[in-house]
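Trainee: Below is a structure I'd like to ask you about.
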Amino acid sequence: GAVVSQHPSRVICKSGTSVKIECRSLDFQATTMFWYRQFPKQSLMLMATSNEGSKATYEQGVEKDKFLINHASLTLSTLTVTSAHPEDSSFYICSARTGFWTYEQYFGPGTRLTVT
Amino acid sequence: GQQVMQIPQYQHVQEGEDFTTYCNSSTTLSNIQWYKQRPGGHPVFLIQLVKSGEVKKQKRLTFQFGEAKKNSSLHITATQTTDVGTYFCAGHTSGGSYIPTFGRGTSLIVHP
Numbered sequence: 001g002a003v004v005s006q007h008p009s010r011v012i013c014k015s016g017t018s019v020k021i022e023c024r025s026l027d028f029q030a031t032t033m034f035w036y037r038q039f040p041k042q043s044l045m046l047m048a049t050s051n052e053g054s055k056a057t058y059e060q061g062v063e064k065d066k067f068l069i070n071h072a073s074l075t076l077s078t079l080t081v082t083s084a085h086p087e088d089s090s091f092y093i094c095s096a097r098t099g100f101w102t103y104e105q106y107f108g109p110g111t112r113l114t115v116t
Numbered sequence: 117g118q119q120v121m122q123i124p125q126y127q128h129v130q131e132g133e134d135f136t137t138y139c140n141s142s143t144t145l146s147n148i149q150w151y152k153q154r155p156g157g158h159p160v161f162l163i164q165l166v167k168s169g170e171v172k173k174q175k176r177l178t179f180q181f182g183e184a185k186k187n188s189s190l191h192i193t194a195t196q197t198t199d200v201g202t203y204f205c206a207g208h209t210s211g212g213s214y215i216p217t218f219g220r221g222t223s224l225i226v227h228p
């Protein structure tokens, strides 16, 4: 149980275009999902917390107009990188909590974004 | 804000040797989780510690939570090549915050 999928696994896009990444909880309902960014050989940087039916809470320094997060259902959250630039190239990972009173997170397989 | 320091950043061991990674928080934690990320993979939840002084074991892995709930450790006995990866701790502050603070991770390299 507690499986999280992420799509696409890899994406290459041109500068100035937008890219949407989907995160789905496959066998549970996720009231809260998290979006992280990870640079090579570095830790996870929390970008935002996404709660179903409400606006995402962004961490300090993360541009909410650039990284649009939508959590429209209990099993789906999306991250859209708008007007992507090469510096947005990174590994984006989502995670989900299995319940309101739980702390452990289950991570998706990640999306490798390359902006050319 | 809350900080979770994790050391060492890298650890090279010969297969069969033991390995330990440590996490220290600047504030008291309500709980702490440990995750493992294999090279090229994503973090996988290993365990959660909640009680002061708690010790949990998973085969060759031993997890400890300090008495003051400000530090934790993961010890692997007799490492194997399958233990290769980066181990992260993630702490939650007392008061019920669901926003985790991750340590920077310890990358374990096991030489056969």
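Order-wise, the sequence lines are chains A and B.
Reminder that position 75 of the first sequence reads as 75 in the working numbering, one-by-one numbering, no gaps.
To get the working numbering, take the position in the second sequence, counting from 1, and add 116.
Glycine included, each C-beta is placed from N, C-alpha and C at the ideal position.
Where leucine 177(B) and threonine 98(A) are concerned, what is the direct C-alpha to C-alpha distance, given to the nearest angstrom?
Mentor: On the second sequence, residue 177(B) is found 61 positions in, with the first residue counted as 1. On the first sequence, residue 98(A) is found 98 positions in, with the first residue counted as 1. Leucine 177(B) and threonine 98(A): Cα-Cα distance of roughly 24 Å.
Trainee: Let me make sure I understand the geometry here. Which of Trp101(A), Ser43(A), Ser73(A) has the alpha-carbon closest to that of asparagine 51(A)?
Mentor: Here residue 51(A) is taken as the residue at index 51 of the first sequence, counted from 1. It is Ser73(A).
Trainee: Verify the CB distance criterion: does histidine 158(B) have a CB-CB separation below 7 Å to chain A?
Mentor: In the second sequence, counting from the first residue as 1, residue 158(B) sits at position 42. With 7 Å as the cut-off, histidine 158(B) counts as an interface residue toward chain A.
Trainee: Between the C-alpha atoms of lysine 66(A) and tyrosine 58(A), what's the straight-line distance to the nearest angstrom?
Mentor: Locating residue 66(A) in the first sequence gives position 66, where the first residue counts as 1. Locating residue 58(A) in the first sequence gives position 58, where the first residue counts as 1. Answer to the nearest angstrom: the Cα atoms are 11 Å apart.
Trainee: Identify the residues that DSSP records as bridge partners of tyrosine 58(A): which are they?
Mentor: As a working note, residue 58(A) is residue 58 in the first sequence. DSSP lists Ala48(A) as partners of tyrosine 58(A).
Trainee: Would you mind sorting glutamine 122(B) into buried or exposed? The rule is 16 or more other CB atoms within 10 Å of its CB.
Mentor: Position 6 of the second sequence, counted from the start, is the residue given in the question as residue 122(B). The residue is buried, with at least 16 neighbouring Cβ atoms inside 10 Å.
Trainee: Under 8 Å, CB to CB, which of the residues in the region 74–104 of chain A have a partner in chain B?
Mentor: Hits within the stretch, in order: Ile93, Ser95, Arg97, Tyr103, Glu104.
Trainee: Quick check: is the beta carbon of glycine 61(A) nearer than 7 Å to any beta carbon in chain B?
Mentor: Within the first sequence, numbered from 1, the residue matching residue 61(A) stands at position 61. No - not a single Cβ of chain B is within 7 Å of the one on glycine 61(A).
Trainee: Roughly how many whole angstroms lie between the Cα atoms of glutamine 38(A) and leucine 44(A)?
Mentor: The residue labelled residue 38(A) in the question sits at position 38 within the first sequence. The residue labelled residue 44(A) in the question sits at position 44 within the first sequence. Those two C-alpha atoms are separated by around 5 Å.
Trainee: Can you tell me whether tyrosine 203(B) is buried or exposed, with buried defined as 16 or more other CB within 10 angstroms of its CB?
Mentor: As a position in the second sequence, residue 203(B) is number 87, starting the count at 1. Tyrosine 203(B) comes out buried.
Trainee: Could you check what DSSP says for proline 159(B) in three-state terms: helix, strand or coil?
Mentor: Taking the first residue of the second sequence as 1, we reach residue 159(B) at position 43. Three-state DSSP puts proline 159(B) in a strand.
Trainee: According to the neighbour-count rule (16 or more other Cβ atoms, all chains shown, within 10 Å of its Cβ), is histidine 208(B) buried or exposed?
Mentor: As a first step, residue 208(B) is located in the second sequence; it is residue number 92 there, counting from the start. Buried, by the Cβ-count rule.
Trainee: Does the beta carbon of histidine 208(B) sit closer than 7 Å to a beta carbon anywhere in chain A?
Mentor: Taking the first residue of the second sequence as position 1, residue 208(B) is located at position 92. By this cut-off, histidine 208(B) is an interface position.
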